[in-house]
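Undergrad:
In UniProt numbering, the protein residues as written are 1 to 385.
#1: When we look at the beta-carbon of residue 332 and count the other beta-carbons within 10 Å, is it buried (16 or more) or exposed?
#2: Identify the residues that DSSP records as bridge partners of residue 105: which are they?
#3: Enumerate in chain order the residues of its own chain whose CB-to-CB distance from residue 119 is below 8 angstroms, with the five nearest sequence positions on each side excluded.
#4: Identify the residues that DSSP records as bridge partners of residue 41: which are they?
#5: Could you pull the DSSP bridge partners for residue 256 from this structure?
#6: Given a threshold of 16 other Cβ atoms within 10 Å of its Cβ, counted over all protein chains shown, does residue 11 qualify as buried or as exposed?
#7: Straight-line CA distance for residue 162 to residue 171?
#8: Go to residue 159, then tell me how far its alpha helix (DSSP H) extends in each direction, as first and last residue.
#9: Would you decide whether residue 312 is buried or exposed? Buried here means 16 or more other CB atoms lie within 10 Å of its CB.
#10: Buried or exposed for residue 186, please, with buried defined as at least 16 other CB atoms from any protein chain shown within 10 angstroms of its CB.
#11: Would you decide whether residue 375 is buried or exposed? Buried here means 16 or more other CB atoms lie within 10 Å of its CB.
#12: Who are residue 175's beta bridge partners in DSSP?
#13: Taking the DSSP output, what are the residues bridged to residue 124?
#14: Where residue 7 and residue 37 are concerned, what is the direct C-alpha to C-alpha distance, given to the nearest angstrom?
#15: Counting along the chain, where does the alpha helix (DSSP H) carrying residue 54 start and finish?
#16: Between the Cα of residue 270 and those of 68, 138, 230, 18, spot the shortest distance and give me the residue it belongs to.
#17: Decide if the region 358-373 is in contact with the region 95-110; the criterion is three or more beta carbon pairs, one per stretch, under 8 angstroms apart.
#18: Tell me which same chain residues have a C-beta within less than 6 angstroms of the C-beta of residue 320, skipping the five on either side of it?
#19: Here's a check: name, in chain order, each residue in its chain whose Cβ is nearer than 6 angstroms to the Cβ of residue 241, leaving out the five neighbours to either side.
#20: Look at residue 330 and residue 106 and say whether their C-beta atoms are less than 8 angstroms apart.
#21: Can you tell me whether residue 379 is helix, strand or coil according to DSSP?
#22: Sorted by chain position, which residues of the same chain lie with C-beta nearer than 8 angstroms to residue 130's C-beta, five sequence neighbours on each side aside?
#23: For residue 457 and residue 34, what's the separation of their Cα atoms in angstroms?
#24: Please state whether DSSP places residue 263 in a helix, a strand or coil.
#25: Measure the Cβ-Cβ separation of residue 232 and residue 195 and say whether it is below 8 angstroms.
#26: In the DSSP assignment, find the alpha helix (DSSP H) that holds residue 307 and state where it starts and stops.
#27: Measure the alpha-carbon distance for residue 213 versus residue 260 and round it to whole angstroms.
#28: Where residue 346 and residue 52 are concerned, what is the direct C-alpha to C-alpha distance, given to the nearest angstrom?
#29: Assign residue 71 to one of three DSSP states: helix, strand, or coil.
#30: Counting pairs of beta carbons, one from the region 249-258 and one from the region 60-74, are three or more of them closer than 8 angstroms?
#31: Where do the N-terminal and C-terminal ends of the alpha helix (DSSP H) with residue 329 fall, by residue?
#32: What residues in its chain sit with their C-beta under 8 angstroms from that of residue 360, if we drop five residues either side in the sequence?
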């Protein structure tokens, strides 16, 4: 009888030791939060494992996030993922629709964003205008420098390039038509008479005198005009004119922009930029009392189908190109490290227990079971001996 009691005691004591040890080990992961000292001596195992390794954990967590979770290549793949550009377009589209439905005018928008930017006469404040013009001038200058080596053809939209031949044909026909109209007009008649006088006067001799005596200027013009009109109506001449214009147009399209910019002096270029800015300023002032939505609605289809897809594509490409620079400036590892270091230990304990509480309880139960088994084995050994 005493042997059985001893066996049960061994099982109970072993189970209690195993369960309590595992439960204590789990608690010592988190507690105590601070070291405990008796006099000058620190109590062993204080603080707990996680509080003692808190800083090291935060550093390793920062490395983990930067090197394995939020990586540069991962961000690039996310930007390349299907639907990224479409999501940006949808966000921009939603933003545009809010502005279209809004009653805000451009004047209200400017006064809210830049108080004092507009004077009583609907003019930009001198300092504001100077700042805007400086930015505009620098942007235009840089843009012109950037396209100096590009051809005219490379800057024109495909829609225009596809219509070059048609436009040249129309221009050739218009040129012939205007020339015919000019020859029929009094100015044209006078020009022909002047040319005839010059020709007859330059001929000299008896022939020139006879022609001038028997045929007056008007008669000569009347004789020549039908032949001129016949020549101008000749299909071969018209086709030749069109083909020549097309060849010359293509030559000009293949020339670099720098050739045309070189024809302008710096003073002429500055005047051109000033005129363009003044025109834009005039148009902008005319829009002050119009609703932003009213203006946007006029270009809604163009913005939705043309500009937004291109802006979204440009934005994603630029983001992808600058991922390395973005990561270098963000210092993700340092950010994560500081966030983990500043995370309260009590909250961290609650979070881990909330996630793994069931597993921790199973470990404690396993400790009781293993302790009971060890106690049973020990008791049986004692019983047998």
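Backbone N, C-alpha and C define an ideal beta-carbon position, used for all residues, glycine too.
TA: According to the structure data:
#1: buried
#2: 291
#3: 125
#4: 38
#5: DSSP links residue 256 through a beta bridge to 151.
#6: In this structure residue 11 is buried. Its beta-carbon is surrounded by 16 or more other beta-carbon atoms within 10 angstroms.
#7: 16 angstroms
#8: 158-161
#9: buried
#10: Flag for residue 186 reads exposed.
#11: buried
#12: Paired residue(s): none; residue 175 is not in a bridge.
#13: 118
#14: 41 angstroms
#15: 54-64
#16: 138
#17: no
#18: 76, 79
#19: 172
#20: no
#21: helix
#22: none
#23: Because the chain spans 1 through 385 in this model, residue 457 falls outside it and cannot be assessed.
#24: coil
#25: no
#26: First-last for residue 307: undefined, no H or E at that position.
#27: Unreliable placement is indicated for residue 213, whose pLDDT of 48 sits below 50; no coordinate value is reported for it.
#28: 14 angstroms
#29: coil
#30: No: fewer than three Cβ pairs fall under 8 angstroms.
#31: 323-330
#32: 26, 353
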